[in-house]
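This report concerns only the one structure given below.
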Amino acid sequence: MTNAEIEAFLAVCKYNNISKAAEKLFINQSSLSTKIKTLENEMGCPLIIRSKGTRNVRLTDEGREFLELAVKYQEIVNEMLMIGSKRVPSKLRIASLNSTGTYLFTPVYERFMARMPEITLEIQDFATSAAYASMENGGTDMSFTVRRLDSKKLITYPAFSESMVFICPKTADYPESVDISMLEVKNEVFIDWFDGFSRWHDDTFGEKAMPLIKLELMSQLEFFISKSNTWALVPSSAAYGLIRSGNIKKCNISFEVPNRVTYCTYVPDKSKEEPMKCFLDCLKSTLEEMEKFGMDIYI
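Residues are numbered in my numbering as their position in the sequence shown, beginning at 1, plus a constant of 449.
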């Protein structure tokens, strides 16, 4: 018998339903049934009572006895796997939004790799729901998003918040302090930074307002914001990198825009505590540099 067959049996027992167990194991129902049948053939007795017209399953006497041993077996396997996990992991998998990864995390990644060169950093570009799903399924260790979702397996907390900044080309004729009445949406380079910003934008300019262009890829922002009299409202961390490029300037604003909050979500895992702590320290150092540069970032 194989570990996969025992895991299939345990899943059926846990969910009391073959189709539900197959869904949780990411295999089709036919494959799961084959694994159970192979296990029963090797045991020489049926483990599950199959009844027509009912979705739930029941165990035979042999099945109940086998379940006790299978649980002990799984505990032993987990203990054996923990032997290797006591060492520092060789990989740290970080997921972030495209906007955060492009403008904020590049120097964070550089700092982390310098401090922990033995760790391979795997960078993933995920939206919030995809990041949570990947962490719950073991594909990601830590994520940074602008929304938080409920999950019993994960820990989420606000990592930092930042003000939205008005930017435009250095050659644009916007004054040092910009009032909302001066802004024409037809010149705006719009990005849906977070839900609160989109709601504010609709309330301020109207749901039917048509910006010059709407972007999803952050790498295109610098190109379009350098054109003529364009303007954009961007998070402080994005403004920091764009202003330092030399072609973009920041103007003060006389109106209020909601701050963007970035949440850190991670999988509790003692084997990865050290690299995750190091990554957060590198993030804090980068944010502190941006604060000294004059960006409104709150850690």
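C-beta: ideal position from N, C-alpha, C; glycine also.
- Minimum Cα-Cα distance from V710 among the listed residues R693, L664, W642, N490 corresponds to W642.
- In terms of Cβ geometry, V614 and K699 form a close pair [threshold 7 Å].
- Of H650, Y606, G690, K676, the smallest CA-CA separation from V716 is found for Y606.
- The stretch 584-603 makes no contact with the stretch 658-667: fewer than 3 CB pairs, one atom from each, lie closer than 8 Å.
- For E671, the CB contacts under 8 Å within the same chain, skipping 5 residues up- and downstream, are L691, S694, N696, I697 in chain order.
- DSSP, read as helix, strand or coil, puts K657 in coil.
- Between L598 and Y623, the C-beta spacing is not below 7 Å.
- For the pair K719 and R564, the Cα-to-Cα distance works out to about 19 Å.
- Each residue's CA atom was taken as its position, placing K463 and V506 some 11 Å apart.
- By the neighbour-count criterion, in which 16 or more other beta carbons inside 10 Å mark a residue as buried, E611 falls on the buried side.
- In the three-state reduction of the DSSP assignment, A457 falls in the helix class.
- For E571, the enclosing beta strand (DSSP E) starts and ends at 569-574.
- One thing to note: F593 has its Cβ within 7 Å of the Cβ of T549.
- Annotation for I467: the continuous alpha helix (DSSP H) segment containing it runs 467-474.
- Around the beta carbon of C494, a 10 Å sphere encloses fewer than 16 other beta carbons of the protein chains shown; the residue is thus reported as exposed.
- The alpha-carbon separation between Y689 and Q669 amounts to approximately 16 Å.
- Nearest neighbour of F515 by Cα position, chosen from M531, E633, M492, turns out to be M492.
- The criterion of a C-beta distance shorter than 7 Å is satisfied by V638 and I674.
- Each of K473, L632, R560 was checked against the Cα of I702, and the nearest Cα belongs to L632.
- In this structure, L481 lies away from A453, with their beta-carbon atoms at least 7 Å apart.
- In the structure shown, E705 adopts coil according to DSSP, grouped into three states.
- A straight-line Cα-Cα distance of about 14 Å links L729 and L570.
- CA-CA distance, V706 to N527, rounds to 50 Å.
- Around the beta carbon of V683, 16 or more other beta carbons sit within 10 angstroms, so the residue counts as buried.
- DSSP places P556 inside the alpha helix (DSSP H), whose first and last residues are 554-564.
- For the options I568, T483, N708, the alpha carbon positioned closest to that of M725 is the one of I568.
- Annotated as distal: C713 and V557, with beta-carbon spacing of 7 Å or more.
- By the neighbour-count definition (other C-beta atoms within 10 Å, threshold 16), P660 is a buried residue.
- Residue burial annotation: M739 is buried, with at least 16 other C-beta atoms found within 10 angstroms of its C-beta.
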